[in-house]
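A.B. asks:
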Amino acid sequence: MSDQSLSSGAAPRRKSSNWLRSLRHGQAVIVAALVLAGLMALNAGLSPYPLSYFDISFLASGGATSAIAAAGQTLVILSGGFDLSAGAVVSLVNAVLATSMDPANMQASVPLWTAIGIGIGMAVGAVNGFFVAVVRLQPIVVTLAVMFIVQGLTLLVMAMPGGFVAPSLASVYLGDTIPGLLPAPITLMLVLVALWLWLKRTGYGITLYAVGSDAEAARATGLHARTVTFATYVLAGGLYGLAGVFVSAQTGSGDPLVGNSLLLPTFAAVVIGGTRLGGGKGGVLGTILGAYILMIVVNLLLSLNVSAYYSTIAESAVLLIAVLAGSLRRDSTLSQRLREVTDAIGARRRGWLVGQRSGEDHRLAFTRPAETAPSQSFLQRHGHTLRHVLPAWICLVVVLIATQLVLGNVFSGWRYWDSLLVLSSFLAILALGQGAVILTGGLDLSLPWSIALSGVMLTGLVGGQDMGLLTALPVVFAVAALIGLANGLGVVALGLSPIVVTLAMNGILQGAALIWSGGTPAGFAPPSLRWLMTGKLMGVTPVIIFMAAFVALAIVLLGRTGFGRRVYAVGNSELAARLSGVRTGRVIISVYILSALCAALVGVLLAGFSGQASLGMGDDYLLPSIAVVVVGGALITGGRGHYAGMLGGALLLTAMQTLLAGTALPFAFRSVFFGLVILMAVIALRK
Amino acid sequence: MIKRYIAGAACALGLVAGAAQAQSDGPYKVYLSMSYIGNDWQAEASNMVKALAASKDYADKVDLEVQVAGPNAQRQIQQINAMVQAGADAIVVYPISPTALNSVVKSACSRGVTVIAYDAEITEPCAYNVTIDQEEAGRKTAEWLVDKMGGKGDVVMVTGVPGTSVDTARTKAAKEVFAQHDGINIVGEAVGMWSQAVARTELNKLMATRDWSDINGLWMQVGCYTADSMQLEAGRDPSELLPCAGEGSNGGRIQMLPTDTAVEGASKPYAPMGAPRISYASPPYSGALALKLAVDKLEGKDIPKHTTLPLPLVTNDTVQLCETGSWDEQKAGCNVFQPSMVSNPGWFASIFSEDLPQLGLNAALVGQPEN
Numbered sequence: 001m002s003d004q005s006l007s008s009g010a011a012p013r014r015k016s017s018n019w020l021r022s023l024r025h026g027q028a029v030i031v032a033a034l035v036l037a038g039l040m041a042l043n044a045g046l047s048p049y050p051l052s053y054f055d056i057s058f059l060a061s062g063g064a065t066s067a068i069a070a071a072g073q074t075l076v077i078l079s080g081g082f083d084l085s086a087g088a089v090v091s092l093v094n095a096v097l098a099t100s101m102d103p104a105n106m107q108a109s110v111p112l113w114t115a116i117g118i119g120i121g122m123a124v125g126a127v128n129g130f131f132v133a134v135v136r137l138q139p140i141v142v143t144l145a146v147m148f149i150v151q152g153l154t155l156l157v158m159a160m161p162g163g164f165v166a167p168s169l170a171s172v173y174l175g176d177t178i179p180g181l182l183p184a185p186i187t188l189m190l191v192l193v194a195l196w197l198w199l200k201r202t203g204y205g206i207t208l209y210a211v212g213s214d215a216e217a218a219r220a221t222g223l224h225a226r227t228v229t230f231a232t233y234v235l236a237g238g239l240y241g242l243a244g245v246f247v248s249a250q251t252g253s254g255d256p257l258v259g260n261s262l263l264l265p266t267f268a269a270v271v272i273g274g275t276r277l278g279g280g281k282g283g284v285l286g287t288i289l290g291a292y293i294l295m296i297v298v299n300l301l302l303s304l305n306v307s308a309y310y311s312t313i314a315e316s317a318v319l320l321i322a323v324l325a326g327s328l329r330r331d332s333t334l335s336q337r338l339r340e341v342t343d344a345i346g347a348r349r350r351g352w353l354v355g356q357r358s359g360e361d362h363r364l365a366f367t368r369p370a371e372t373a374p375s376q377s378f379l380q381r382h383g384h385t386l387r388h389v390l391p392a393w394i395c396l397v398v399v400l401i402a403t404q405l406v407l408g409n410v411f412s413g414w415r416y417w418d419s420l421l422v423l424s425s426f427l428a429i430l431a432l433g434q435g436a437v438i439l440t441g442g443l444d445l446s447l448p449w450s451i452a453l454s455g456v457m458l459t460g461l462v463g464g465q466d467m468g469l470l471t472a473l474p475v476v477f478a479v480a481a482l483i484g485l486a487n488g489l490g491v492v493a494l495g496l497s498p499i500v501v502t503l504a505m506n507g508i509l510q511g512a513a514l515i516w517s518g519g520t521p522a523g524f525a526p527p528s529l530r531w532l533m534t535g536k537l538m539g540v541t542p543v544i545i546f547m548a549a550f551v552a553l554a555i556v557l558l559g560r561t562g563f564g565r566r567v568y569a570v571g572n573s574e575l576a577a578r579l580s581g582v583r584t585g586r587v588i589i590s591v592y593i594l595s596a597l598c599a600a601l602v603g604v605l606l607a608g609f610s611g612q613a614s615l616g617m618g619d620d621y622l623l624p625s626i627a628v629v630v631v632g633g634a635l636i637t638g639g640r641g642h643y644a645g646m647l648g649g650a651l652l653l654t655a656m657q658t659l660l661a662g663t664a665l666p667f668a669f670r671s672v673f674f675g676l677v678i679l680m681a682v683i684a685l686r687k
Numbered sequence: 001m002i003k004r005y006i007a008g009a010a011c012a013l014g015l016v017a018g019a020a021q022a023q024s025d026g027p028y029k030v031y032l033s034m035s036y037i038g039n040d041w042q043a044e045a046s047n048m049v050k051a052l053a054a055s056k057d058y059a060d061k062v063d064l065e066v067q068v069a070g071p072n073a074q075r076q077i078q079q080i081n082a083m084v085q086a087g088a089d090a091i092v093v094y095p096i097s098p099t100a101l102n103s104v105v106k107s108a109c110s111r112g113v114t115v116i117a118y119d120a121e122i123t124e125p126c127a128y129n130v131t132i133d134q135e136e137a138g139r140k141t142a143e144w145l146v147d148k149m150g151g152k153g154d155v156v157m158v159t160g161v162p163g164t165s166v167d168t169a170r171t172k173a174a175k176e177v178f179a180q181h182d183g184i185n186i187v188g189e190a191v192g193m194w195s196q197a198v199a200r201t202e203l204n205k206l207m208a209t210r211d212w213s214d215i216n217g218l219w220m221q222v223g224c225y226t227a228d229s230m231q232l233e234a235g236r237d238p239s240e241l242l243p244c245a246g247e248g249s250n251g252g253r254i255q256m257l258p259t260d261t262a263v264e265g266a267s268k269p270y271a272p273m274g275a276p277r278i279s280y281a282s283p284p285y286s287g288a289l290a291l292k293l294a295v296d297k298l299e300g301k302d303i304p305k306h307t308t309l310p311l312p313l314v315t316n317d318t319v320q321l322c323e324t325g326s327w328d329e330q331k332a333g334c335n336v337f338q339p340s341m342v343s344n345p346g347w348f349a350s351i352f353s354e355d356l357p358q359l360g361l362n363a364a365l366v367g368q369p370e371n
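Read top to bottom, the protein sequences are chains B and R. When we follow full-length UniProt numbering, the leftmost residue of the first sequence carries the number 1, and every step to the right adds one. When we follow full-length UniProt numbering, the leftmost residue of the second sequence carries the number 1, and every step to the right adds one.
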């Protein structure tokens, strides 16, 4: 009797807590769905016409390409990886389909061409997977190199937009599954979600989450971690391929650049959908919702008539709000930080705070340092660092010799070296900031528009006069410090992923730069700045002397100061660092400030180099800044790396570009070569 | 702020005109879908479209709204569709891709919306296009260069964005001209991405293993201004500047003026130096012309499917300084503006159109019409 009542009392409770738990488990997805529904309702309310079936059908097809590609990205991110080749594969598949379909055949086989598209994507994915899972290189560099190679191949397949894609593809992918009720793109999404829900429950799916949560533990428990990682890249490649097929159906022709700008939106879609960057948590359903949220924002900006200058700011706000809402709960970082602050205030009032205790030395007797330290040989002390620093420099020597053989004039004069050192100075400076951020396990994606905003502000404030520098430089660097502070606070206090914070910051800065300059930046770099970058001091461009000092400072800062040690400590284990008394929050915030300051310095120097500032001037520096750090021997997950290696990476990349620019090779081949060299450099790194 | 001013002006004028015209069609709802607003060309084009919409002739006819799609073709597809949904009468578009928009444009056409692309083309047959002849641009400039070099010598090329039709057409036409002359060798080819900043880094890489004296001529889509600046920095005399074909920037045209020309606000390298040059560019007024054509079409006039703009070629013989930059003055033949008025040397100077008397220098600079 009592047993019965007990069990009958307990069962509903367990049921309800289960239900609650699954609700909380899917919080991000539910929030994403609510945000999407809210935005759609708002859009429908603002639109003068009621939302018709046709509109929904078009909306569904509009977001489909990025949703499918982002679904692939989700798999890779769940495994703890990162795939930069997504957009390039979409372009490649589009180019191949548009060039190889027979224009006379209006009824080309849809399954055949879909299979070809997916096959191409899987082949590229297999290359990624091989280098990541088998050779065990870092995903970000592998996929970056593959991205360059695939972009080059795409241009070889198709030099300019054109070609033909049979309308049969469009009628299948963009038509109606049930006319007037269910558009085909929505069916495709439903099929993807169904496949995902099945896949999640298979052995593969469980292993995928395990690998993403803790790769070491997964391997230790005997899971086929490598096979699953490999399969993940292949599957993801297949999805990019499918996205390429869809875009071909949608556009009816080919464009070799069509997918390249999809890359950053796929990341945004993944994080809005609640997938954790770094792996182990999230799923495809949320990502698809995220991709559609990004698309509906376009309609909303139009309905609200938001000025073009504010559109990137509005999008960044949506990104931040969606991600924050999806992660808000009792144990989220934000609420934890708030609790910590109240606790700290309480403790201070009672006089319990550690900082309030007397500064007396409580060291225990047996922890006194030894009288003599065993002396180590140079190799013992630096061998570990050298092993990761040297490959970039060795590759550099190879590229230099190759340049001498192909173009000459390398070892015979100063001109080549001067040019190489000046051009690599931008990447070398960015490498310190991006490098410090990566050493703590973060990533700074706000570099492009930090650079542009700084440059534009400088030329605007300085008025072309040297005296103007005295007021302009402090303002520019103060703004940069604030940008870095905001990035750091977003990561530390809000507990958001660095990628989300800095991606949103990049959009906000883009808006700020546009508003500040009104679309066309005014003014010039002052003569002294131009002299620094293009003048000559005893035959040497002055910035090279500045760089020598910068490099020395950077090596000391990361290698010989307490700050540097704390950066490494945080990167190796944030928890361990905090428990050892490192104020991890402050360290993380300061690396973002350092990164923003470096970006501002590059903006100033670039303005001096070109004589003026332009809005797009930072665009070409984001991916190279990451590549340089990783090619220089740093671990993208943090904790390992040396500035000397990053400097080698900056020189290597610049020397490689100089070599390729000097040849008369078509751009497509240059892109392929560039990718291959990056790949070879990281393979050398592994040895 | 300019936008609000225009909207206000449009409203006020609309009220006055509305009272006079009684209940005609009301203003046409026209949308502008731009790609990217982060460069001078796009900013000027958008200023000129806004200026035209705010001018007396158009303020009561057009209700203009501007949106930006960024570099992502998927977004532009979505945006055009949203514009159709919002009840657009016409859509003026700077197409990110000549092919990717075809199906959305077709569906817009089928709903009775006029779609006009400017600068780049849309290949969908129902769309209207306003462009220059890119192939002619590549050919004419290359021919000028060959002529200037006396039919022999080494050429360095700086191209645009690889994979776009505009870049491919220009570069291919120029290479065909060079291939016809045995004496001409292309010794280097850099990807300039239509940006002075990129052109500078790329040229630096090219010149790392060469001397300026090794080269006899330059063919560029954007970058002559930068190339001349670099030659001066390298210690060459202005009289030794290499002939450079390409680029329609104001800075480039100021450099073409004879050294003794008196200009206001010049400072080297943004100064007259008699640089040998042929200057051309896709003119930024094409967007405004597209808007004019869209209104013509909505008013029931016939407009051509493809409007080919006259190629604005300027050589050292035809370059002429403007005093105020008004439309009337430009009509009289001037084609370069005082640095004191145009502080940005990368700013595009080909802003004159016979058909658009509403637009002078201020239209391109700040979006203010002539009347």
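For each residue, glycine too, the CB sits at the ideal point set by N, CA and C. Predicted model only: the values in this text are computed from it and were never measured.
Going by C-alpha distance, which of B/Leu421, B/Gly290, B/Val211 is nearest B/Val228?
C.D. replies: Closest by alpha carbon: B/Val211.
A.B. asks: Nearest CA to the CA of B/Gly63: which residue from B/Leu51, B/Gly152, B/Ala166, B/Met189?
C.D. replies: Ranking B/Leu51, B/Gly152, B/Ala166, B/Met189 by Cα distance to B/Gly63 puts B/Met189 first.
A.B. asks: What residues in the stretch 142-162 of chain B have a beta carbon less than 7 Å from any beta carbon of chain R?
C.D. replies: Result list: Leu155, Ala159, Met160, Pro161, Gly162.
A.B. asks: Alpha carbon to alpha carbon, what distance is there between B/Arg670 and B/Leu660?
C.D. replies: If I take the Cα positions, the gap works out to 6 Å.
A.B. asks: Taking the alpha-carbon of B/Asp255 as reference, which of R/Glu121, R/Ile37, R/Ala54 has the nearest alpha-carbon?
C.D. replies: Checking every option, the nearest Cα to that of B/Asp255 belongs to R/Glu121.
A.B. asks: Mind checking who R/Asp154 pairs with in its DSSP beta bridge?
C.D. replies: DSSP lists R/Asn185 as partners of R/Asp154.
A.B. asks: Cβ closer than 7 Å: which chain B residues qualify as neighbours of R/Gly153?
C.D. replies: Going along chain B, no residue has its Cβ under 7 Å from R/Gly153, so there is no contact; the nearest lies around 16 Å.
A.B. asks: Do you know whose CA, among R/Arg75, R/Gly153, R/Val161, lies nearest B/Phe667's CA?
C.D. replies: The shortest Cα separation from B/Phe667 among R/Arg75, R/Gly153, R/Val161 belongs to R/Val161.
A.B. asks: Quick one: complete alpha helix (DSSP H) runs, 4+ long, within the stretch 78-165 of chain B?
C.D. replies: The stretch 78-165 of chain B contains these whole alpha helix (DSSP H) runs: 86-100, 110-129, 139-157.
A.B. asks: Quick check on B/Tyr621: buried or exposed, where buried means 16 or more other Cβ atoms within 10 Å of its Cβ?
C.D. replies: Burial call: buried.
A.B. asks: Touch check for the stretch 195-209 of chain B and the stretch 123-141 of chain B: three-plus C-beta pairs under 8 Å?
C.D. replies: Judged by Cβ distances under 8 Å, the stretch 195-209 of chain B makes no contact with the stretch 123-141 of chain B, as fewer than three pairs qualify.
A.B. asks: List the residues of chain B that R/Ser165 touches, going by C-beta distances under 7 Å, in chain order.
C.D. replies: Correct list: Met160, Pro161.
A.B. asks: Buried or exposed: where does B/Tyr53 fall if 16 or more other Cβ atoms within 10 Å of its Cβ makes it buried?
C.D. replies: Exposed, by the Cβ-count rule.
A.B. asks: Once the 5 residues before and after R/Phe352 are set aside, which same chain residues still bring their CB inside 6 Å of it?
C.D. replies: Excluding residues within five positions, the ones whose Cβ falls inside 6 Å are Gln330.
A.B. asks: Could you check where the alpha helix (DSSP H) with R/Gly138 kicks off and where it finishes?
C.D. replies: First-last of the alpha helix (DSSP H) with R/Gly138: 134-148.
A.B. asks: Closer than 7 Å by beta-carbon distance: list the chain B residues that pair up with R/Pro162, in chain order.
C.D. replies: Within 7 Å Cβ-Cβ: Leu155, Phe667.
A.B. asks: Need the endpoints of the alpha helix (DSSP H) that B/Thr658 sits in, please.
C.D. replies: Per DSSP, B/Thr658 belongs to the alpha helix (DSSP H) from 643-662.
A.B. asks: Mapping DSSP to helix, strand and coil, what is B/Ala634?
C.D. replies: The answer is coil: DSSP assigns B/Ala634 none of H, G, I, E or B.
A.B. asks: What are the start and end residues of the alpha helix (DSSP H) that includes B/Tyr621?
C.D. replies: From DSSP, B/Tyr621 is part of no alpha helix (DSSP H); its letter is neither H nor E.
A.B. asks: Please tell me whether B/Gly611 has its Cβ less than 9 Å away from any Cβ of chain R.
C.D. replies: So, interface residue.
A.B. asks: Starting from the beta carbon of residue 688 of chain B, find every residue of chain R whose beta carbon is closer than 8 Å, and list them in chain order.
C.D. replies: With chain B covering 1 to 687 only, the question about residue 688 of chain B has no answer from this structure.
A.B. asks: Taking Cβ-Cβ distances below 8 Å as the criterion, which residues of the stretch 314-345 of chain R are in contact with chain B?
C.D. replies: Of all residues in the stretch 314-345 of chain R, Ser343, Asn344, Pro345 have a Cβ within less than 8 Å of some Cβ in chain B.
A.B. asks: Going by C-alpha distance, which of B/Ser303, B/Thr177, B/Gly282 is nearest B/Arg24?
C.D. replies: Ranking the options by Cα distance to B/Arg24, first place goes to B/Gly282.
A.B. asks: CB R/Arg210 to CB R/Val187, shorter than 9 Å?
C.D. replies: It is a contact, given that the beta carbons lie within the stated cut-off.
A.B. asks: Terminal residues of the continuous beta strand (DSSP E) containing R/His306?
C.D. replies: R/His306 -> beta strand (DSSP E) spans 306-309.
A.B. asks: Rounded to whole angstroms, what is the Cα-Cα separation between R/Gln21 and R/Met220?
C.D. replies: Only weak support exists for where R/Gln21 lies, its pLDDT of 36 falling under 50; the coordinates are left without a value.
A.B. asks: Quick test of your reading: B/Val456 and B/Pro521, contact by CB under 8 Å. State the CB separation rounded to the nearest angstrom.
C.D. replies: Indeed they touch by this definition, with Cβ atoms about 4 Å apart.
A.B. asks: Under 7 Å Cβ-Cβ, which residues of chain B neighbour R/Pro71?
C.D. replies: What R/Pro71 touches in chain B: Ser261.
A.B. asks: Look at the alpha carbon of R/Val62 and the alpha carbon of R/Ser286, and state the distance between them as a whole number of angstroms.
C.D. replies: Straight-line Cα distance between these residues: approximately 17 Å.
A.B. asks: Within the continuous beta strand (DSSP E) that includes R/Trp219, where are the two ends?
C.D. replies: That run of the beta strand (DSSP E) goes 217-220.
A.B. asks: Please report whether the beta-carbon of B/Ser8 lies at a distance below 9 Å from any beta-carbon of chain R.
C.D. replies: Summary for B/Ser8: the model assigns pLDDT 43, below 50, so the residue's position carries little reliability, and this model does not support an answer.
A.B. asks: With DSSP as the reference, label B/Gly254 as helix, strand or coil.
C.D. replies: Residue state, collapsed to three classes: strand.
A.B. asks: As a quick exercise: from B/Tyr49, B/Leu324, B/Ala115, B/Tyr310, pick the residue whose alpha carbon is nearest that of B/Val29.
C.D. replies: The shortest C-alpha separation from B/Val29 is found at B/Leu324.
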